[in-house]
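The structure appears below as structure tokens.
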Amino acid sequence: MRYKIMVKGAAYKAAKTAKLYTAQIYRAVSIKLIITLPDGSPVSGQQITVDGANYETDSAGQITLTDDMGLSARHHITYSTTYTADVDVTYVADASYTVALEEHVTAGSVTVSEWAFSSTSSYAKKPYTLVVPPVVTVVKMTGSKYRSSTKIKAGYVGTNGEAIPHGDVEIAYLAPYSGSSFEKYVGVTPGETYTIYGRNVAADATIEWSDEINTHAVDVTI
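Here you go:
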């Protein structure tokens, strides 16, 4: 059974001690968290989660948490799908903490099969449309040659759709006699739509994005 003790409007709770029948009293106190976006503006009137529990911020971006007086804890805050932060707090009366959220990449990937064709007579290319997710500034592209032969036209990945060997921004070029695979970090703009052309690239080619990839030096920018 759990009891709540009120003294002059303050809430307390009873806790067991090593001495039988001896009560130890802890005071419950409330603290405020002020949740802001990376630019410093408050997250006003929005639902956030703290350690998985839902809270609603007020017009100033504030929420109230209550726990044992003197308790030190770390809380994980999430807003939307891309903003998170961790904050260390100590529960003392009237404490207030400003929590600046950081925007993170929601990791993901796509497999591109459109480029899995080859020809002995044409440098034709086929398109793939990439819509860059929010926050993403670098994507990782990997792939391997679809078929190898000195008679088959070289593999290509880039922004040129003409039936020519090279052209425009070239991400990968897989020569008939060498270059069986590629791994490239490609600079992109969040929210942009790109048409990327390819030929003679195996059907398991991938385009990936993540927080870690976002920090990588780029090989080429499209």
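Whatever position you read off the sequence shown (first residue = 1), add 12 for my numbering. C-beta: ideal position from N, C-alpha, C; glycine also. Since we're looking at a predicted model, the values are computed, not measured.
Please state the DSSP three-state secondary structure of residue i.
i      : result
Asn226 : helix
Gly64  : coil
Tyr135 : coil
Glu114 : strand
Ser51  : It is Asp, not Ser, that sits at residue 51 in the sequence shown. Looking at Asp51 - three-state DSSP - the assignment turns out to be coil, as it is neither helix nor strand.
When we look at the beta-carbon of residue i and count the other beta-carbons within 10 Å, is it buried (16 or more) or exposed?
i      : result
Tyr33  : Only weak support exists for where Tyr33 lies, its pLDDT of 49 falling under 50; the value from the coordinates is given anyway. It is exposed - the Cβ of Tyr33 has fewer than 16 other Cβ atoms within 10 Å.
Tyr209 : buried
Met13  : Reliability of the predicted coordinates at Met13 is poor, the pLDDT of 44 falling under 50, and no value is obtained from them.
Ile176 : exposed
Tyr91  : buried
Gly155 : buried
Taking the C-alpha atoms as reference points, what is the distance between residue i and residue j?
i      : j      : result
Asn1   : Arg211 : A question about residue 1 goes unanswered here, because the residues of the chain that appear run from 13 up to 234.
Tyr103 : Ile43  : 6 Å
Lys157 : Ile46  : 53 Å
Ser131 : Lys165 : 6 Å
Asn66  : Ser190 : 55 Å
Rank the options by C-alpha distance to the C-alpha of residue i and give the top, closest one.
i      : options                         : result
Ser53  : Leu113, Thr61 and Ala85         : Leu113
Ala217 : Gln74, Val122 and Gly73         : Val122
Val109 : Ile164, His87, Ile176 and Asp80 : Contrary to the premise, residue 109 reads as Tyr rather than Val in this sequence. Taking only the C-alpha atoms, the option nearest Tyr109 is His87.
Arg159 : Trp127, Ala107 and Met153       : Trp127
Thr227 : Val169, Ala97 and Val151        : Val151
Val169 : Ile219, Tyr91, Thr93 and Ala229 : Ile219
On the DSSP letters alone, give me the boundaries of the beta strand (DSSP E) that residue i sits inside.
i      : result
Lys138 : Lys138 to Val143
Glu195 : Ser193 to Gly199
Thr102 : Tyr95 to Thr102
Report yes if the C-beta of residue i is less than 7 Å from at least one heavy atom of the ligand ZN; otherwise report no.
i      : result
Ser190 : As for the ligand ZN, it is missing from this structure, which has no ligand bound.
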